[in-house]
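Residue numbers (my numbering): 424 to 616. Virtual Cβ for every residue (Gly too), placed ideally from N, Cα, C. Predicted model only: the values in this text are computed from it and were never measured. These notes concern the structure reproduced below.
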Amino acid sequence: MTDSARSDRDASAVAPSFPVLPRREKGYQRAAVDTFLARARRAFEDDAEGIGSADIRAASFPMVRGGYDVPAVDAALARVEEAFAQRERALVVSTDGASAWVGRARTDAQVILDHLTRAPGHKFARTGMLTFGYRIDEVDHVAKRIVRFLRDGDALTAEQVRQTAFRMQRRGYREEQVDALLDATIDVLLAIR
């Protein structure tokens, strides 16, 4: 028996934390999710260093048959991320003052806005001729929504940005650059809540 199968069998002895998918469907590996969330809970309750809102957002889990329901876990992770972000904000406000927090959020928002107001098709570096990246038109569409939020105050939530997904194309935008900007946008959204 593999370690993964053993971990999932052991996890099934305890009431599951999230809905479990049928064996024919893939979801997040139960033991990996439970371990990560237990670590996050300890870090939050003990006010320990080492894990923050960015770590929660970057969490990923192996996909296995009979795993946890992905949307249910993702929704819980979003709530945990927001709790960590609120704590991080409270810490900065208590030590540096609210103006420092607002100033940092404004600076970050301006950097994002400057980046996204570049010409369509030129907002991010492109992949090589034989390499796939994010579809340019789709990323540019999302960029317009973010710009309208930052510049005009249009509605946009962290959850909408989290759920953004792009199809792939040859010579598309570099994934890591787009993902980093989306993460920065989520940070700003969480900062101004």
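Here's the rule I'm using: 16 or more other beta-carbon atoms within 10 Å means buried, otherwise exposed. How should residue i be labelled?
| i | result |
| --- | --- |
| residue 508 | buried |
| residue 448 | exposed |
| residue 500 | buried |
| residue 522 | exposed |
| residue 450 | buried |
| residue 453 | buried |
| residue 442 | exposed |
| residue 518 | exposed |
| residue 647 | Residue 647 lies beyond the residue range present for the chain, which begins at 424 and ends at 616; the question has no answer from this structure. |
| residue 481 | exposed |
| residue 615 | exposed |
| residue 608 | buried |
List the endpoints of the continuous alpha helix (DSSP H) containing residue i.
| i | result |
| --- | --- |
| residue 592 | Not the alpha helix (DSSP H): residue 592 falls in the beta strand (DSSP E), residues 591 to 593. |
| residue 609 | 598 to 614 |
| residue 585 | 581 to 585 |
With H, G and I counted as helix, E and B as strand and the rest as coil, what does DSSP make of residue i?
| i | result |
| --- | --- |
| residue 473 | coil |
| residue 439 | coil |
For residue i, tell me which candidate among the options has the shortest Cα-Cα distance.
| i | options | result |
| --- | --- | --- |
| residue 567 | 544, 482, 550, 492 | 544 |
| residue 586 | 498, 594, 488 | 498 |
| residue 591 | 554, 440, 576 | 554 |
| residue 473 | 515, 511, 580, 548 | 511 |
| residue 489 | 444, 538, 578, 547 | 444 |
| residue 503 | 547, 457, 464 | 464 |
| residue 460 | 440, 477, 446 | 440 |
| residue 558 | 601, 610, 486, 466 | 601 |
| residue 487 | 479, 475, 470, 455 | 455 |
| residue 610 | 491, 479, 493 | 479 |
| residue 594 | 548, 565, 529, 573 | 548 |
| residue 457 | 496, 599, 470, 469 | 496 |
Where do the N-terminal and C-terminal ends of the beta strand (DSSP E) with residue i fall, by residue?
| i | result |
| --- | --- |
| residue 488 | 486 to 488 |
| residue 451 | 449 to 451 |
Less than 7 Å between the CB of residue i and some heavy atom of the ligand MG, yes or no?
| i | result |
| --- | --- |
| residue 483 | What this structure holds is no ligand at all, so the ligand MG is not there to describe. |
I want to see whether chain C comes within less than 8 Å of residue i, judged by CB atoms only; does it?
| i | result |
| --- | --- |
| residue 602 | Of the chains in the structure shown, none is chain C; there is only one protein chain. |
Could I get the ranges of all uninterrupted beta strand (DSSP E) runs contained in the segment 513 to 558, with 3 residues as the minimum, in chain order?
Listed in chain order, the beta strand (DSSP E) runs fully inside the segment 513 to 558 are 555 to 557, counting runs of at least 3 residues.
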